[in-house]
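Below is one structure, written out as structure tokens; comments come after it.
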Amino acid sequence: MQQTQRGLSLVGSGSARLAATLSNSDLSQVVDTSDEWIATRTGIRQRQVVTAQDSLASLAAEAGTAALAMGNCNPTDVDLIILATSTPDDLFGSAAQVQARLGASRAVAFDLTAACSGFVFALVTAAQYMRLGVYSTVLVIGADVLSRWTDWSDRRTCVLFGDGAGAVLLRASERDRLLGFELRSDGTLNGCLNLTYQAESQPLVGDTTIQTGTFQPVTMNGKEVYRFAVKRVPEILEKALFHAGLTAAEIDWLLLHQANQRILDAVANRLAVPAERVLSNMARHGNTSAASIPIALDEAVREGKVKTGDVVASSGFGAGLSWGAAIFTWG
Ligand code: UT7
Numbered sequence: 213m214q215q216t217q218r219g220l221s222l223v224g225s226g227s228a229r230l231a232a233t234l235s236n237s238d239l240s241q242v243v244d245t246s247d248e249w250i251a252t253r254t255g256i257r258q259r260q261v262v263t264a265q266d267s268l269a270s271l272a273a274e275a276g277t278a279a280l281a282m283g284n285c286n287p288t289d290v291d292l293i294i295l296a297t298s299t300p301d302d303l304f305g306s307a308a309q310v311q312a313r314l315g316a317s318r319a320v321a322f323d324l325t326a327a328c329s330g331f332v333f334a335l336v337t338a339a340q341y342m343r344l345g346v347y348s349t350v351l352v353i354g355a356d357v358l359s360r361w362t363d364w365s366d367r368r369t370c371v372l373f374g375d376g377a378g379a380v381l382l383r384a385s386e387r388d389r390l391l392g393f394e395l396r397s398d399g400t401l402n403g404c405l406n407l408t409y410q411a412e413s414q415p416l417v418g419d420t421t422i423q424t425g426t427f428q429p430v431t432m433n434g435k436e437v438y439r440f441a442v443k444r445v446p447e448i449l450e451k452a453l454f455h456a457g458l459t460a461a462e463i464d465w466l467l468l469h470q471a472n473q474r475i476l477d478a479v480a481n482r483l484a485v486p487a488e489r490v491l492s493n494m495a496r497h498g499n500t501s502a503a504s505i506p507i508a509l510d511e512a513v514r515e516g517k518v519k520t521g522d523v524v525a526s527s528g529f530g531a532g533l534s535w536g537a538a539i540f541t542w543g
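Here the sequence shown stands for residues 213 to 543, where the numbers follow my numbering.
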């Protein structure tokens, strides 16, 4: 008799290749900044942006296709697609468009919005369906095109972000490779990082007014978010490690949301994780929001750094404010 598989394994990863790259010196022609300032304060050297031919859905589908290929999985085997994004092509959601592009005709698909924590939140959400035995093949995609919502005249934010998409394929397995997690939100700090809807009242009929308006570009209190990240990220990683029955000394890779190299260094320092065990690709991609963790994971897997059986401690953090950590074994 076949044993019920109530665990999950991470068996494939993928990311989208974007054609257009903006270097720090390109940006110094847009705002009053320099390669020296950006590289020293953030570790970022360049980032990619979508071109007119691409969309959030096309990037997400490209990443998903690559993850399916690595996991030797047919699109029609996928039961569930969770698309972590804060920048959909359609406010009603972009996951169904991704499902159609992938040809994952059996899969139910939905968007999950948790900004830069989105991938970790989506991974943990997917795991709950799998542990209940509801779904056994799940694609978790993190994708964002913040270039659409960046104020390109604001040097404090426009130098930070890049566009991208990354994906992970999960398969049901007897042993559960998600070893521990912890998720948090604090809406009292919501004003630190926003992409808000600005309403304008319009009279409609009689005394009734309706709201029309549009979303406003990203605003961030960088110093507050920095302080929040260097305090909360080590704490939540320690909690998730505790749930996993592990210590920081036992992890093979620290995989943080790629917001700022100084944040990665500070968190690694707090946890006494040596620099060579910290995955970092922000010099090449900038901060790609929900995409940053799966892109960094995919690159590390393809470079042969992250190997089957390696313990990865991941943490996303950002708008909400929200933050989360997931400890997993690759493969
Ligand atoms: O993805 C979500 C999570 N996001 C984060 O975790 C971001 C967290 N925050 C950060 O990474 C950092 O706070 C930033 C990289 C955003 C900013 O670094 P900072 O060291 O906190 O700089 P600052 O905002 O204190 O600015 C220092 C100076 C200011 O000039 P004054 O007022 O001292 O004269 C800024 O006007 O640097 C100036 N500045 C710049 N100069 C050149 C700010 N942006 C730039 C720029 N180029 N792009």
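The C-beta atom is built at its ideal place from N, Cα and C for all residues, glycine as well.
Quiz item: Going by alpha carbons, who is nearest to SER235 out of ASP510, GLY434, ASP247, ALA503?
Solution: ASP247
Quiz item: CA-CA distance, ALA512 and THR500?
Solution: 16 Å
Practice problem: Pull up the distance between the alpha-carbon of ARG343 and that of SER413, whole angstroms please. | Solution: 46 Å
Practice problem: May I ask whether a heavy atom of the ligand UT7 can be found less than 7 Å away from the beta carbon of ARG253? | Solution: yes
Quiz item: Would the C-beta of TRP465 count as close to the ligand UT7, meaning under 7 Å from any of its heavy atoms?
Solution: no
Self-check item: Heavy atom of the ligand NAD within 7 Å of TRP361 beta-carbon
Solution: The ligand NAD is not among the ligands present in this structure, which contains only the ligand UT7.
Quiz item: Under three-state DSSP, which class holds ALA531?
Solution: coil
Quiz item: Considering only C-alpha positions, which residue in the set ASP244, LEU351, LEU303 is nearest to GLY562?
Solution: An answer regarding residue 562 cannot be provided, because it is not within the stretch 213 to 543 covered by the chain.
Quiz item: Out of curiosity, what's the CA-to-CA distance linking SER397 and VAL243?
Solution: 33 Å
Quiz item: On the premise that GLY354 lies in contact with ALA338, defined as a C-beta separation below 8 Å, what is that separation, rounded to the nearest angstrom?
Solution: Going by Cβ atoms, the distance from ALA338 to GLY354 rounds to 12 Å, so no, they are not a contact pair.
Practice problem: Would you kindly work out how many angstroms separate the C-alpha atoms of THR541 and ILE294, rounded to a whole number? | Solution: 20 Å
Quiz item: Should ASN499 be counted as a contact of the ligand UT7 given a C-beta to heavy atom distance under 7 Å?
Solution: yes
Quiz item: Skipping 5 residues on each side, what residues in its chain have a beta carbon closer than 8 Å to that of SER385?
Solution: GLN217, GLY219, LEU220, SER221
Self-check item: As assigned by DSSP and simplified to three states, the class of TRP542
Solution: strand
Self-check item: Extent of the continuous beta strand (DSSP E) run through ARG396
Solution: 390-397
Quiz item: Should GLY164 be labelled buried (16 or more other beta-carbon atoms within 10 Å of its own) or exposed?
Solution: The structure shown does not extend to residue 164, since the chain is modelled only from 213 through 543, so no value can be given for it.
Quiz item: Quick one: does the C-beta of TRP249 sit closer than 7 Å to a heavy atom of the ligand UT7?
Solution: yes
Quiz item: So VAL336 is in the alpha helix (DSSP H); what residue range does that whole segment cover?
Solution: 330-343
Exercise. Buried or exposed for ILE422, please, with buried defined as at least 16 other CB atoms from any protein chain shown within 10 angstroms of its CB.
Key: exposed
Exercise. Flag ALA508 as yes when its Cβ comes closer than 7 Å to any non-hydrogen atom of the ligand UT7, and as no otherwise.
Key: no
Practice problem: State the Cα-Cα distance for the pair ARG368 and ARG387, rounded to the nearest angstrom. | Solution: 45 Å
Exercise. Whole angstroms is fine: what's the gap from ALA461's alpha carbon to ARG482's?
Key: 12 Å
Quiz item: Leaving out the 5 sequence neighbours to the left and right, which residues in its chain are closer than 7 Å to GLN215 when beta-carbon positions are compared?
Solution: Residue confidence for GLN215 is low, a pLDDT of 49 falling below 50, so the modelled location carries little weight and cannot support an answer.
Practice problem: Run the proximity test for PHE454: is its beta-carbon closer than 7 Å to any non-hydrogen atom belonging to the ligand UT7? | Solution: no
Practice problem: Give the straight-line distance between the Cα atoms of ALA334 and ILE250, rounded to the nearest whole angstrom. | Solution: 30 Å
Quiz prompt | Spatial distance of GLY425 from ARG318 (CA atoms) | solution = 37 Å
Practice problem: Below 6 Å CB to CB, which residues in the same chain sit around ALA452 once its five sequence neighbours on both sides are set aside? | Solution: GLY392, PHE393, GLU394, ALA537, ILE539
Quiz item: Quick one, which of HIS455, ASP291, SER348, GLY345 has its alpha-carbon nearest PHE322's?
Solution: ASP291
Exercise. Measuring alpha carbon to alpha carbon, tell me which of SER348, VAL371, VAL417, TYR409 ends up nearest THR233.
Key: VAL371
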